[in-house]
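Colleague:
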Amino acid sequence: MPRIKDIKRVLVIGSGPIVIGQAAEFDYAGTQACRALKEEGIEVILVNSNPATIMTDKNIADKVYIEPLTTEVVEKIMRKEKPDSILPTLGGQAALNIAMELEESGFLHEHKIRLIGTSSLTIKKAEDRNEFKATMEKIGEPCAPSQVVNTVKDGLAFVETIGYPVVLRPAYTLGGSGGGIADNEEEFVDILENGLRLSRVGQVLVERCIAGWKEIEYEVMRDANGTCITVCNMENMDPVGVHTGDSIVVAPSQTLGDKEYQMLRTSALNIISELNITGGCNVQFALHPETFEYCVIEVNPRVSRSSALASKATGYPIAKVTAKIALGYDLDEIPNAITGKTFASFEPTIDYCVVKIPRLPFDKFISAKRDLTTQMKATGEVMSICTNFEGALMKALRSLEQHIDSLIYGNNYAKYSDELIDEKLHRVDDRRIFVIAEAIRRGFSLEHIHEITKIDIWFLDKIAILVEMEQKIKEEPLTRELLMEAKRLEFPDKVIGELTGRTEHEVKQMRNEMRIHAVYKMVDTCAAEFEATTPYYYSCYDGENEVTAPRTKKRIMVLGSGPIRIGQGIEFDYCSVHSTWTLKEEGYETIIVNNNPETVSTDFDIADKLYFEPLTAEDVESIVDLEQPDGAVVQFGGQTAIKLTEALLKMGVPILGTSAENVDAAEDRERFDAILEQCCIPRPKGTTVFTVEEALEAAHELGYPVLVRPSYVLGGQGMQIAISDEDIVEFMEIINRHLQEHPILVDKYLMGKEIEVDAVCDGTDIVIPGIMEHVERAGIHSGDSISVYPAQTISPKIKRVIEDYTRKLANSLHVIGLINIQFIVYQDDVYVIEVNPRSSRTVPYISKVTGIPIVDIATRVITGATLRDLGYTPGLQPESEYFAIKMPVFSFEKLRGAEITLGPEMKSTGECLGISKDYNEALYKAFLGNGVRLPKYKRMILTVKDSDKLDAVDIGRRFQALGYEIYSTRSTCRVLNENGVMAKPINKIEQEPPTLLDLILDHKIDLVIDTPAQGIEKSKDGFVIRRHAIETGVTCLTSLDTADALLTSLESADLKRLSVIDVAQI
Amino acid sequence: MKAFLILEDGHVFQGKSIGSTDTVISEIVFNTSMTGYLEVLTDPSYAGQAVVMTYPLIGNYGVCYEDMEAEKPWPKGFIVRELARRPSNFRSEGSLEQFLIDYQIPGISGIDTRALTKLLREKGTMNGMITTSEDWTLEEVLPQIKAYQVKNVVAEVSCKEPIHYEGTGYKVALLDVGAKRNIARSLVERGCDVTVYPYNTTAETILAGDPDGIMLSNGPGDPKECVKVVEELQKLYHSDVPIFAICLGHQLMALATGADTEKMKYGHRGANHPVKDLKSGKVYISSQNHGYVVKEASLDRDVCEPGFINVNDGSIEGLHYLGKNILTVQFHPEACPGPTDSAFLFDEFMNMMEVNADAKN
C-alpha cells in the first residue's frame, strides 16, 4: 500500500524522564521515527517532558511541547494543534498508556484523531493480561498457567492450585515494576500487595514459575498487508528469572537448533498476526532447556529497549520502518538504506556475535540489594560486536567502565573458600559472571555450575575458554600465536600485561612488532551477501580489514559517553550528537565512537562513520591508527570521553577546544587554587588528603561539617558530608575500596544557595545563556536539585559577580568551548565550588529554554569561529520571558533497599521540565511531569531533624492552610503544636501501633516529608519510613527546600488552566 | 593441523583442518543461515560443492541425527570460521567435528569467512580446493581447480530404487532429483501415500501408479544436464495430474515447457530470502539454495506466468502454469533449515489434488 495521503499532522508522544526500565532507547526510536515522518513531508508535533532528549529539538519536530505527560496536558496540546493522527508506539509504555486513555475516554473519536501505528484493540489484546491469555489460547500458543488477580485473597486461592514458586507481574507498569518471584506465602503477599498498588488497573498476573528455562526474544515486524519478518532473535545468558533488561543477552541465539529457532519464530509470527500488529513488536519466550516445550512470556506491541538493541545488532532501523508502516507502506516498499538493493521485507542475517550487558547502579546505591529479579534495575547498557562470543563478552565487560577489564574481579575472590564460592554461585546478582569464572579457575565442573545457575553449558564453556586463556598467558611464553589468540578473544593489552608482569605499553609494542592489529568489519544486515556501504563498523582480530579511509576532508573523531548511568545520562549523548551534526555542517568528516545501543549517537546515519567499540585508550587507538583523525572532540562525551584526553594526546591526536592541560588544571587542586587566588575568587576552604589520618586532621582544622570526595569523578560519586570523625573514617574506607590514583578532597561545607552556569568561551569572549539557581541548598548534588532558570532569589549585583567570575575562570583556564561552573552564594558572598571545562547535564535544558544552541556554538568555536563571528554579544544573555524548571526524577521504587535521602552523591536517573511564563505554574508542571499529582487524600506525614524543626513550622502551617491533615512524630509534633500548627502525634515504628508505618501502608497518605539527621543515620527508623513510602507509591521528600517548592506550586496552580508552550518558538 | 583453501583466482586462505584431511576440489558457495548447519550439510542440492557458513559460530548445538535431510552429508567440503568446542543442546548426540570425521567430509575452520564471502559475491561462485597438504604450488593446482565441474550429481544423489511411505490420503509420486527428507515428510504429515521414484523413472512408470499428484523435488547441479528428466516431464506436463515442484524441479519443469535457465553470479543460499506472492502481495521469508534460475525473458506467457518473485533482485521464484494444475517454486517450502512461512504451499498442493479429484469424479 502506498502512503495514506490524508495523514498530514502527527502527534508523537515521547516516553518522558529517564527512569529504570524506560531509558534513552525511546529517544533513539522517537528521533528516528520523527525524521522518517518528516522525510514524508509530515508535520510532526512532539510532546515529551524530558528536555535532555534529541527528539525535543526543533530540527527533529515542527512543534515541540516539553510538557508533563498526562492525558489532560496531551488533550490540551491536541486541542491547540489539531493533529489528524497520533502515533503512540514509539514512546514506550508511558506513551501507550496515554494513548489508551485518550482512546477509551472517547477523546480521539470526538476530535476525529486517528490512532496510527497500531490499533487500540491490538494494544488491549497485548497488554491486558486476560485478553492476552485468551488470544494466545485461541491460536494455541502456550502461556505459563496463570491468572490475573485483583485481590490478595484471589491470589492466594490461585496459588493453591499451582503451588510455589510463582511469578508476579503487575499489569501496565514500567520495566516490570513491582514484580517478582515468590517462594512462599509471606513473600507472595508482600509482592502482590505492592504490585496491585503499582498497577494502573490494579491487576497482577500470578503465574507458574518457569525460572531456569531459556529466555529467548524475537523482534518482529509486520505490515498492514500481513507480511511478517523477524529482525533478530536474542538469547539471554541468564535463564528466566532475571529481567531481560538486567540479563546478559546475546544475538543471535546460540544454543537453539534450527528446529527450536523456527518453532519460536513461527510462534512469534502467529502471535503478531493474530494481534494484528502493524509495526514493530517484541515477543519473549521461555523455552524448556530439555524439551520443545515453550511458553510466551510477554508481547510488547511497540518499539522497546530490545528493539533498539536489535536495530543496533543488525543495522535494521525498526523505529523508522515502524513509522513508515504507520503511514501505510508495506515492508517490500520500504528500501533498506544499508544495502540500497534490498527492502525492509528482507530478514537480516548477521555474521558476527553481539553481546549486551546491563549497567547496574549498585556503585551509587551501596545499600541496595544487588539481586537480579524480574524487576529491572539497570539504568543503561553496553553492546559489543565481535566475530566470536568470547571477544564480544570481553569487549562488553570493559565498555561498562566499572574498573574491570576482564573476568578477573580484582583480588576479591582469591581469598574466598571453595564453599563460599559455591554459595555465591547461588546468588543471582551482577557479579555472578565473575564468580562463575572464579569457580572455573578453581576447577569446579561446568556441570556443577550449570546445575546451580542453569546457565547453558555452551556459555559456561566460553567462560572456561577465557579462563584457560588467562592461565596460558600467565604460564606460557608469549609467542605470536598465543598473543594472536589472546587478542582474538579480546584480551586487552592491559590485562595481558598484568598477567605477564609487563606494562600495557610493552604488550602494545610486542603486538606492533608481531604485526597483530585490530581489523574492522562492517555491519551490513546481510552477512556480506550484498554490497553495502554502511559506515557502521566493529573490530576483531581474525581476518582482513575492510574499512578504507580515503581522505577527502578533515576528519574529526567524537567520543561518546558510553552506557547511561546515574551521573552520566542521555544529556551527553545529546551533546555528542549535536556536536557531530555541527561538525558535518562545517564541512568535516565525522567519526563517532561509542558503545551504547540505546542512543541516537549510535544510529549509523548520525556521523559519517560509526565505530561500535569500547571507549578505552587501546580500543580508541586502534581506530586512530586506521583513521588518522585530524582532531578529537572530548568535551561533549562526559567523563568517559574526558578520561581519554591524555591517551589521545599520546597518540598524536590534537584535542579540539580546551587543552588537556587546562582540563587538568580545573581538576588538580593545587593548580586550581593558584588560579582562583590569581583571579581573587574565593572558594570554601579545603585541602587534599590520601589517608584517614590526613582526612581527620583536615576536618579538625576546617571544622565540621566538611565535604569529602574523590577527585576526577562524575555525579559526585563517593561524595559525602561528614559531621563527625566517625563519618570521616567510614567515608574514607568506602572511597578507598577502589585504588585512588588521585588525592581525596576535604572541603569546608557551606550551606548556601547553589548557582550553576553553563558558558561558551572562544578564548576571548564568553556567552552565558543564563544563570540557574537550585531550589535545594548546597549539599544536595546539582543533578538532584530542582534547577530554576532564570535565577530568582539573587540580586543583580550577585549576577554580575557570577558573570565576572565565569569570565575570569574561562579566561584563566583558556577555555575553548564549554565550561560549567557551580557557585555557592553564602551570606552575600559568591564562592566557586566546582569548575568543569566541558559539557554538563544542564546544557540541553538551558539550550532549549533560552533558544541558544550551546553545543552548536561551542562546536563552531572549537573549530575556529569566534562568538562575535557567530553574532553573539558577549556576556550574560538577556533573560527569557519563560521560567523553566528542571526537576530531577528518581527510580527509587525499582531499587529495593536503596537509601533515598538526597546528598552530595547523585541519585536521580532522569529529569523533566516545567516551563511557563508564571513561576508557580512552571514549578507545578515540573512536579506534575515527575508524577507528583497532589492533593489526593490531603493527609501527610511531617517529621524532621532537630535543626529543621523551626523551618518545619512554616511548611506545616502552609500545608494546613491547603487543608492537609498532618501527622508527626512526638518531637516534631510538639514544635508544630507549640507554634499553632494542628499536627497529630503518631508513634515511631518501634513504638506501640498504630505507627507511622501503619499510616503509610493504609494507602491514604499523599506525602511524607522526612529530613534525616546529617551524616550516617544511626536509626533505621527513617530509612524504613522512606522506603515504605517509596514502595507504596507515596511522594517522599527529604529536604524542606523541596517541600517549600512543592507548596508554592500547590498553592497557586490550577491543573485545568495550565498553559502549554511550543518551545520550538523560543 | 593446518589446512588451506585455494580458490581458482589464486586467493589462499590458511586455517585449521576439520573433519577429513583428504584433499578435495569443488565449487565453493556460501550459505547465510544462522542455524541449521546439519540440514545444510545433508541437503543433496549441495552435491559437488563446498559450503561456507557466513555465521561464524557453527556446531553450537551439536548434531542430532534425526535432523538429517538425507542419509549422509552431500557437500564435498565445509568451511567455517569457528567450530564449537563444546556443543550444548538436549538433543545433541555428538559434535559436528566428529560428524565431519565420521562421514569423511574435509573442512577448514579459522578463516575469515566474511572475506571469502565477499570474494564469492564480487567474482561470482568459484571453484576451490581444500587441502591439508603443504606441498603444492599455485601453478600446479590452479589448472586442476579451474577444470573442475559439478557433473552428474543428480544421478549420484537420487535414490536407486523406489521408496514407499504408506498413507491413507492422496497418492503422491515424488520424483527424487535430490530430495530433502522433509518434502516426503511434509506430504506424509498431510496423510499422503508417497512413492519416491529415482530420477530416471519414466513418465509412463509414474503415471502407471495412478498418482493423485506429482511432486518434483529439489536437487543439485545445472538443470540443463538433466535432458532425460526434462523429456519425461514434458509427458507429465500433458498428463493433467497436479504437479508441485520445488527448486531444481521448478527449473526442470520450466525447461520442459520451453523456458530457459541460467547460472546466477553467486546464487541464493540462506534462510532469509523474501519472496513476494504476486497474487496477494504478501511477502514470505523463504529458505533457498540454488545457483541457477529460470530466465524471465524466456518465459512463454501463454504457458506460464510468474507466481512469486524475489523482492531483492526481482528474479523468478515461482510459476503458475496456465490452464494447468501445476505450481512450481524456486524456494523451499519444506524449510529445514529455515522458516516455515511457505509451508502452506503443501496445503495448496493438497487442494490442487482435491479439486482435480472432484473434477474427475
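Protein sequences, first through last, are from chains A and B. Residue numbers for the first sequence follow the working numbering, so the first one is 1085 and each next one is one higher. Residue numbers for the second sequence follow the working numbering, so the first one is 76 and each next one is one higher. Quick reminder that beta carbons are idealized off the backbone N, C-alpha and C, glycines included.
#1: Within the continuous beta strand (DSSP E) that includes Val-1613/A, where are the two ends?
#2: Would you list, in chain order, the members of the stretch 83-102 of chain B that have their beta-carbon closer than 9 angstroms to a beta-carbon of chain E?
#3: Alpha carbon to alpha carbon, what distance is there between Val-316/B and Pro-286/B?
#4: Helix, strand or coil for Ala-1308/A, going by three-state DSSP, please let me know.
#5: Phe-1614/A to Asp-1307/A, Cα distance in whole Å?
#6: Sorted by chain position, which residues of the same chain lie with C-beta nearer than 6 angstroms to Arg-166/B's C-beta, five sequence neighbours on each side aside?
#7: Specify, as a first and last residue, the run of the beta strand (DSSP E) that His-1858/A falls within.
#8: What residue range is occupied by the uninterrupted alpha helix (DSSP H) comprising Cys-1763/A?
#9: Just to confirm before moving on: does the CB-CB distance between Cys-234/B and Asp-251/B stay below 7 angstroms?
#10: Give me the chain B residues within the contact set of Glu-1628/A, using Cβ-Cβ distance strictly less than 7 angstroms, ordered along the chain.
#11: For the stretch 1512-1588 of chain A, list the beta strand (DSSP E) runs that are entirely contained and at least 3 residues long, ordered along the chain.
#12: Between which two residues does the beta strand (DSSP E) containing Ile-1905/A stretch?
#13: Which residues mark the beginning and the end of the beta strand (DSSP E) in which Phe-153/B is found?
#14: Between Ile-1207/A and Ser-1169/A, is the Cβ-Cβ spacing less than 7 angstroms?
#15: In chain order, what residues of the same chain lie with their CB nearer than 8 angstroms to the CB of Tyr-1889/A, ignoring the 5 residues before and after it?
#16: Select from Ser-1685/A, Leu-1710/A, Glu-1269/A, Asn-1920/A the residue whose C-alpha is nearest the C-alpha of Arg-1753/A.
#17: From Ile-1900/A, Asn-1495/A, Arg-1635/A, Glu-2049/A, pick the residue whose C-alpha is nearest to that of Thr-1950/A; which is it?
#18: Using only CA atoms, which one of Leu-1509/A, Ile-1539/A, Ile-1930/A lies nearest to Asp-1842/A?
#19: Would you mind working out which of Asp-1846/A, Gly-1867/A, Lys-1693/A, Ala-1862/A sits nearest Lys-1892/A, comparing C-alpha positions?
#20: Please report the distance separating the alpha-carbon of Thr-1772/A from that of Phe-1815/A.
#21: Mind the definition here: the stretch 127-139 of chain B touches the stretch 239-253 of chain B only if three or more C-beta pairs lie below 8 angstroms; say whether that holds.
#22: Would DSSP call Glu-2101/A helix, strand or coil?
#23: From Ser-1501/A to His-1534/A, what does the alpha carbon distance come to, in whole angstroms?
#24: Beta-carbon of Pro-131/B versus every beta-carbon of chain A: anything under 7 angstroms?
#25: Does DSSP put Glu-423/B in a helix, a strand or coil?
#26: Give me whichever residues DSSP pairs with Arg-1292/A in a beta bridge.
#27: Between Ile-183/B and chain A, is there a C-beta pair that is closer than 7 angstroms?
#28: At a CB-CB cut-off below 7 angstroms, which residues of chain A make contact with Tyr-223/B?
#29: Among the residues of its own chain, which have a CB less than 7 angstroms from the CB of Ser-2136/A, if the five just before and after it don't count?
#30: Would you check if the distance between the CB atom of Leu-323/B and the CB atom of Asn-275/B is smaller than 7 angstroms?
#31: Restricting to Cα atoms, I'd like to know which of Ile-1536/A, Met-1460/A, Val-1315/A is closest to Ser-1395/A.
#32: Can you give the beta carbon distance from Val-1933/A to Ser-1964/A, rounded, assuming they're within the 8 angstroms contact cut?
#33: Find the residues of chain A that neighbour Ile-415/B, judging by a C-beta separation of less than 7 angstroms, and give them in chain order.
#34: Any beta-carbon of chain B closer than 7 angstroms to the one on Trp-1542/A?
#35: Cβ atoms of Lys-221/B and Glu-83/B: under 7 angstroms apart, would you say?
#36: Under DSSP, the beta strand (DSSP E) around Asp-2094/A begins and ends at which residues?
Modeller: On the basis of the supplied data:
#1: Against the first sequence, residue 1613/A aligns to sequence position 529. The identity of residue 1613/A in the sequence shown is Glu, whereas the question assumes Val. Counting along the chain, Glu-1613/A falls outside any beta strand (DSSP E), and DSSP gives it neither H nor E.
#2: In the structure shown, chain E cannot be found, because the protein chains are A and B.
#3: Reading the second sequence from its first residue, position 211 is the one you call residue 286/B. Reading the second sequence from its first residue, position 241 is the one you call residue 316/B. Taking the straight line from one Cα to the other gives about 7 angstroms.
#4: Here residue 1308/A refers to the residue found at position 224 of the first sequence. In this structure, Ala-1308/A counts as coil in the three-state DSSP scheme.
#5: Translated into positions along the first sequence, residue 1614/A becomes position 530. Translated into positions along the first sequence, residue 1307/A becomes position 223. About 24 angstroms.
#6: Taking the second sequence and counting its residues from 1, the one referred to as residue 166/B is at position 91. So the list reads Cys-139, once near-sequence residues are dropped.
#7: Taking the first sequence and counting its residues from 1, one reaches residue 1858/A at position 774. Start and end: 1850-1858.
#8: Start at 1 with the first residue of the first sequence, and residue 1763/A comes out as number 679. 1753-1763 is the span of the alpha helix (DSSP H), which, as asked, contains Cys-1763/A.
#9: Position 159 of the second sequence, counting from 1, holds the residue named residue 234/B. Position 176 of the second sequence, counting from 1, holds the residue named residue 251/B. Cβ distance < 7 angstroms, so Cys-234/B and Asp-251/B count as in contact.
#10: One-based indexing of the first sequence puts residue 1628/A at position 544. Going along chain B in sequence order, the residues near Glu-1628/A (Cβ under 7 angstroms) are Asp-187, Ala-190.
#11: none
#12: In the first sequence, counting from the first residue as 1, residue 1905/A sits at position 821. Its beta strand (DSSP E) spans residues 1900-1910.
#13: Here residue 153/B is taken as the residue at index 78 of the second sequence, counted from 1. Where Phe-153/B is concerned, the enclosing beta strand (DSSP E) stretches over 152-154.
#14: Translated into the one-based positions of the first sequence, residue 1207/A becomes position 123. Translated into the one-based positions of the first sequence, residue 1169/A becomes position 85. Taking 7 angstroms as the Cβ cut-off, Ile-1207/A and Ser-1169/A do not qualify as a contacting pair.
#15: Position 805 of the first sequence, counting from 1, holds the residue named residue 1889/A. Cβ within range, chain order: Cys-1763, Ile-1765, Ile-1905, Phe-1907, Val-1914, Val-1916.
#16: Position 669 of the first sequence, counted from the start, is the residue given in the question as residue 1753/A. The shortest Cα separation from Arg-1753/A among Ser-1685/A, Leu-1710/A, Glu-1269/A, Asn-1920/A belongs to Asn-1920/A.
#17: Looking up residue 1950/A in the first sequence gives position 866. Of the listed residues, the one whose Cα sits closest to Thr-1950/A is Ile-1900/A.
#18: Taking the first sequence and counting its residues from 1, one reaches residue 1842/A at position 758. Closest by alpha carbon: Ile-1930/A.
#19: Position 808 of the first sequence holds residue 1892/A. Checking every option, the nearest Cα to that of Lys-1892/A belongs to Asp-1846/A.
#20: Counting from one through the first sequence, the residue named residue 1772/A turns up at place 688. Counting from one through the first sequence, the residue named residue 1815/A turns up at place 731. Their Cα atoms are separated by approximately 15 angstroms.
#21: In short, these stretches do not touch, since the Cβ pair count stays below three.
#22: Position 1017 of the first sequence, counting from 1, holds the residue named residue 2101/A. Only weak support exists for where Glu-2101/A lies, its pLDDT of 49 falling under 50; the coordinates are left without a value.
#23: Numbered from its first residue, the first sequence carries residue 1501/A at position 417. Numbered from its first residue, the first sequence carries residue 1534/A at position 450. In a straight line, the C-alpha of Ser-1501/A is about 20 angstroms away from that of His-1534/A.
#24: To locate residue 131/B, count along the second sequence from 1; it is residue 56. With a threshold of 7 angstroms between beta carbons, Pro-131/B makes contact with chain A.
#25: Sequence index remark: in the second sequence, residue 423/B carries index 348 (1-based). Helix.
#26: The residue labelled residue 1292/A in the question sits at position 208 within the first sequence. According to DSSP, which records beta bridges pairwise, Arg-1292/A is partnered with Val-1250/A.
#27: The count along the second sequence starts at 1 and reaches residue 183/B at position 108. It does not: the Cβ of Ile-183/B has no partner Cβ on chain A nearer than 7 angstroms.
#28: As a first step, residue 223/B must be located in the second sequence, where it is residue number 148. Those do not exist, as Tyr-223/B stays about 24 angstroms from chain A at its closest Cβ, beyond 7 angstroms.
#29: Taking the first residue of the first sequence as 1, we reach residue 2136/A at position 1052. The answer, listed in chain order, is Asn-2004.
#30: One-based indexing of the second sequence puts residue 323/B at position 248. One-based indexing of the second sequence puts residue 275/B at position 200. Cβ atoms of Leu-323/B and Asn-275/B: not closer than 7 angstroms.
#31: Taking the first residue of the first sequence as 1, we reach residue 1395/A at position 311. Checking every option, the nearest Cα to that of Ser-1395/A belongs to Val-1315/A.
#32: Against the first sequence, residue 1933/A aligns to sequence position 849. Against the first sequence, residue 1964/A aligns to sequence position 880. Rounded, the Cβ-Cβ distance is 6 angstroms, consistent with contact.
#33: Counting from one through the second sequence, the residue named residue 415/B turns up at place 340. Before going further, note that residue 415/B is Thr rather than Ile in the sequence given. Those within 7 angstroms of Thr-415/B in chain A are Gln-1346, Thr-1350.
#34: Along the first sequence, read from residue 1 onward, the residue named residue 1542/A stands at position 458. Chain B contact via Cβ: present.
#35: Within the second sequence, residue 83/B is the residue found at index 8, counting from 1. Within the second sequence, residue 221/B is the residue found at index 146, counting from 1. A contact, by the Cβ cut-off of 7 angstroms.
#36: Start at 1 with the first residue of the first sequence, and residue 2094/A comes out as number 1010. Asp-2094/A -> beta strand (DSSP E) spans 2091-2095.
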